[in-house]
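Counting from 0, one number per residue, gives the positions in the sequence shown under numbering that gives the first Met the number 0. Glycine residues also receive a C-beta, built at the ideal position from the N, C-alpha and C atoms. Input: a single structure, listed below in structure tokens.
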Amino acid sequence: MNNELRKRSITGIAICATIIGVTMAGQLPTQIFVVFICALCSYELISISLPETGNLSKITFVAFTSLPLAWIIAQTQQAESLANIFPELFNMWALPLLLALYVFVIIAAGASDPYRHMSSMALAILLFSAGGIFAIDIIKISPVIILGVFILLWSNDVFAYLIGSRFGKTKLAPTISPGKTWEGFVGGGIMSIGTALLLSLWITELRLIDWIILSVIVVFFGTMGDLLQSAVKRHYQVKDSGTLLPGHGGFWDRFDSFIGCVPFISVYLVQTVA
């Protein structure tokens with residue numbers, strides 16, 4: 000086993016173990032984990048879209064995209080928090096004030112392209128703030144369902160890679176992600192549906208039909224999340240979103256499919272289960 004494959008394997012095992020651990024630990028640890036992931040993805044986005052920006056701008060950017068998630072967790076846990084102590088101040092003023100601070104920071108820093116800052120902020124809110132909110136909705140139903148979603152994603156990714164490497168001939172999105180093929184897409188989808196059958200025997204909060212529908216959502220919208228991230232990286236001419244995960248790149252590289260599919264999974268579950 001070469002050094003790169005060893006690093007990739009160790010990091011992959013650590014990621015899987017962490018996700019299994021936090022989801023088994025309960026609702027609050029899983030929610031905190033989601034905020035952590037979304038915050039790091041936001042940091043990676045601004046780092047690749049605006050590499051010249053200062054640390055204060057990056058911190059404010061991450062805070063603005065992560066604060067709504069922290070507030071929602073405080074509300075769902077009904078814990079002592081700013082949302083309970085100063086509800087009107089927090090609900091009505093915190094986000095506008097933080098946005099004003101962010102605008103002030105980028106102007107004071109002499110940003111050469113403030114519009115690029117704001118477009119990056121809009122993308123981060125759309126992907127990471129909204130994605131995190133939808134993930135928290137799923138966690139409120141059951142943290143173990145989130146683990147099931149990850150297992151579907153892993154089975155889809157692994158078999159899409161294996162089938163695509165062996166039989167792939169027809170490019171799925173040649174200008175965005177040349178390595179992906181329709182053969183791999185179909186192979187990953189079949190395995191994901193097979194995994195859904197097994198999950199229905201273990202995680203009984205959902206019916207078999209629910210798991211099958213979730214597997215289809217994972218295959219289609221998880222792939223869309225992956226392709227969107229690839230398009231952003233290609234636009235900014237970077238290979239990875241970050242370097243925090245040895246052998247895997249950044250957190251957005253690992254969780255792009257998750258962020259892409261959780262809004263649709265949440266909408267389905269809220270309509271049919273919650």
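- Relative to the Cα of V237, the nearest Cα in the group I202, I47 and S128 belongs to I47.
- Buried is the label assigned to L198, since at least 16 other Cβ atoms lie within 10 Å of its Cβ.
- DSSP places S141 outside both helix and strand once states are collapsed to three, so it counts as coil.
- Residue state for K168 is assigned as coil, using DSSP reduced to three classes.
- CA-CA distance, D255 to A230, rounds to 12 Å.
- The way I'd put it, the region 137-151 does touch the region 198-212; three or more beta-carbon pairs between them come closer than 8 Å.
- In the three-state scheme derived from DSSP, where H, G and I count as helix and E and B as strand, S256 is classed as helix.
- Put simply, of V266, I264, H247 and C260 the residue whose alpha carbon is nearest the alpha carbon of A13 is H247.
- S176 has A172 as its beta-bridge partners, per DSSP.
- Contact between L68 and I162 fails: their C-beta atoms lie close to 36 Å from each other, not under 8 Å.
- Going by C-alpha positions, G186 is about 24 Å away from Y267.
- Proximity to G193 across E43, L39 and F158 peaks at F158, based on C-alpha coordinates.
- For S56 and E182, the gap between their C-alpha atoms comes out near 43 Å.
- For S191, same chain residues with a beta-carbon under 7 Å away, outside a window of 5 residues either side, are L151, S154, N155, S214, V217 and V218 in chain order.
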